[in-house]
Amino acid sequence: MNYEAPLILPELEQLAEPVSLVVALSGGLDSMVLLESVTRLRDAGLLKRPLRALHVHHGLSPAADHWLEFCAEQCARRNIHYEHARVSLDQRDGESLEALARKARYRVFSDTLGTNQCLLLGHHQDDQMEQLLLRLSRGSGPGGLSGMPKSRILGAGSLLRPLLGFPRRQLRQFAETAGLQWIEDESNASLRFDRNFWRREILPRIEQRFPGYRDSWQKSMALCAEAELLGEQLAGQDLALTASEEPRILNLAPLLKLSPARQRNLLRHWMLRAGFTPPGWQTMHRLSDEILPGSSPAARLDCADGAVQRFGAQLVLMGPAAKLETRSCQWDPRRDPQLSLAGNGSLTSSLYNAGGQRPEQRAGGLLLRVPEGSLTVAYRSGGEPVRLAGRGCKPLRKVLQESNLPAWLRARQPLLFQQDRLVCIPGIGIADGYLAAPGEQALSVSWQAPDLLFHRPSRD
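Numbering (the working numbering), first residue to last: 129 to 588.
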């Protein structure tokens, strides 16, 4: 069966109403076949959805400006609204130009799509085969080997690949029969790009020996997709047993009862649900084989999006925290009610005059006798004894452990000193001898701690 435009109509008709369609138009063979197909369906009265085309100008080719003009001309001939976006690429060490361009392109797509808008991409069956080989050569798991999805959410809208079931040769035959013009990207001839190597050197030989390989590989990809779905469902069951009220924190006790493979499956899907990029094979094995069962209660594993850190009986997804500035500084809370701490939130004070109305005493809300002069803000150095009002003498480490302060903030807890004597641990307690008496002028000091947990990147 040869490709014809009406063959993609069932895919388009399954889209929810109302949906406007955006054709991702590079000007190459695949996207021009897609543009011509939706044009024919529209002109035949079979497609009544609003249409427009979007071209992304990467600036990588000397002919990039010509491609932009070519796409504009092709859309004008078909009476299709045309838009374009320019992107600039900042290549970093170890990042391929191809991957960088793809990220920039999809960022444009995501930012452009509105609610009830669907992006149409020209990926075809051969692209799917190339993608499988690329993922296989990089050691991808079932999720990566399941291939490109036919549809998914993108930005505020969605994307659809209506040509995914058709081989390139059928699309080329359609284009030649229809007399279409298209752009030949000169980079497609360069074997320095992995995709071109698979396309030009390997897949033709595979097809010569195994003509039906596409159907066989599609079955394998479908099985990988099923395995990925089963892994996700299993992770959901395990998360119900290990998750805390905070989705970025796991309880270790039930996690350690699982097999290492099941632990890694759970950890991967836990990270994905939080928007955290899971680490690669070796790092994930180090996490399950060393960090989880290890003796260190504060082991940390740095990742691309932040870190996975153990705090006692919990595993936490941490964001890229600002460096803590541990140098001491002076603060007069009577004159300056707020002090910004470099990379560590801020301190806030409230002054209550003698006989005035005061807040109720509560944990961490005890009132400090107004000091004479300024206070020194410093951080723990280790082994400090602390005598808090009504609590006796304890090591500072023990006081912090007994507080409600999350473990990842304890090393960042600011301390207030006067003449080398600890007078207050903001939010936790007042030192013995510095608690304000009833009717005495007093201070309430609080610490607005930084949020160090990982946060899902915004679409913007």
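Where a beta carbon is used, it is the ideal one built from N, C-alpha and C, also for glycine.
Val161 carries a helical assignment under DSSP once its states are collapsed to helix, strand and coil. Under the three-state reduction of DSSP output, Ala450 falls in the coil class, being neither helix nor strand. Considered as a whole, the region 335-411 harbours 341-370, 380-383 and 388-402 as its complete alpha helix (DSSP H) runs of no fewer than 4 residues, in chain order.
Bounds of the alpha helix (DSSP H) holding Pro138 are Leu137 to Glu141.
Under the three-state reduction of DSSP output, Asp239 falls in the helix class. Taking each of Leu378, Ser348, Gly242 and Tyr234 in turn and checking the Cα distance to Leu264, the smallest one comes out for Ser348.
About 6 Å separates the CB atoms of Ala371 and Leu378; that is less than 8 Å, so the two are in contact.
Listed as beta-bridge partners of Pro523 by DSSP are Pro513. Scanning its chain for C-beta atoms nearer than 7 Å, with the 5 sequence neighbours on each side dropped, one finds around Ala229 the residues His186, Leu188 and Leu217, in chain order. In terms of Cα proximity to Leu319, the closest of Arg180, Arg549 and Glu226 is Glu226.
In the three-state reduction of the DSSP assignment, Gln202 falls in the helix class. Shown here, Gly271 sits in a helix according to DSSP, grouped into three states. By the beta-carbon neighbour count (other beta carbons within 10 angstroms, threshold 16), Tyr341 is exposed.
For Val498, DSSP records no beta bridge to any residue. For Phe439, the enclosing beta strand (DSSP E) covers residues Gly434 to Phe439. Just measuring C-alpha positions, the residue of Glu304, Ser509 and Pro406 sitting nearest Ser268 is Pro406. Under DSSP, Phe545 shares a beta bridge with Thr504 and Leu550. Membership of Gln245 in the beta strand (DSSP E) is indicated by the continuous run Gln245 to Leu248.
Counting the other CB atoms within 10 Å of its CB gives Cys521 a total below 16, which places it among the exposed residues.
For Arg263, the uninterrupted alpha helix (DSSP H) run begins and ends at Gln253 to Ser265, by DSSP. Secondary structure at Ala559: strand, using DSSP grouped into helix, strand and coil. Residue pairing for Gly285: DSSP places it in a beta bridge opposite Leu282. According to the DSSP secondary-structure assignment, Gln466 is paired through a beta bridge with Thr476.
Contact annotation: Gly250 and Gly285 have beta-carbon atoms that are not nearer than 8 Å.
Secondary structure note for Glu211: its beta strand (DSSP E) is the uninterrupted segment His209 to Arg214. Burial state of Phe338 is exposed, judged by a 10 Å Cβ sphere holding fewer than 16 other Cβ atoms. In the DSSP annotation of this structure, the continuous segment of the alpha helix (DSSP H) that includes Ala306 starts and ends at Arg296 to Ala306. Secondary structure note for Asp322: its alpha helix (DSSP H) is the uninterrupted segment Asp322 to Phe325. A straight line joining the alpha-carbon of Trp536 with that of Pro277 spans about 39 Å.
When the Cα atoms are used, Leu140 and Ala306 turn out to be separated by approximately 22 Å.
Look at the beta carbons and you see the region 289-297 not touching the region 417-436: under three pairs across the two are nearer than 8 Å.
Under the DSSP definition of a beta bridge, His183 partners with His212.
Per DSSP, reduced to three states, the secondary structure at Val573 is strand. For the options Ile311, Met446, Glu374 and Arg266, the alpha carbon positioned closest to that of Asp322 is the one of Arg266. Scanning Gln142, Arg584, Arg538 and Ser224 for the CA closest to the CA of Gly440 turns up Arg538. Of the other Cβ atoms in all chains shown, fewer than 16 fall within 10 Å of the Cβ of Thr454; this residue is therefore exposed.
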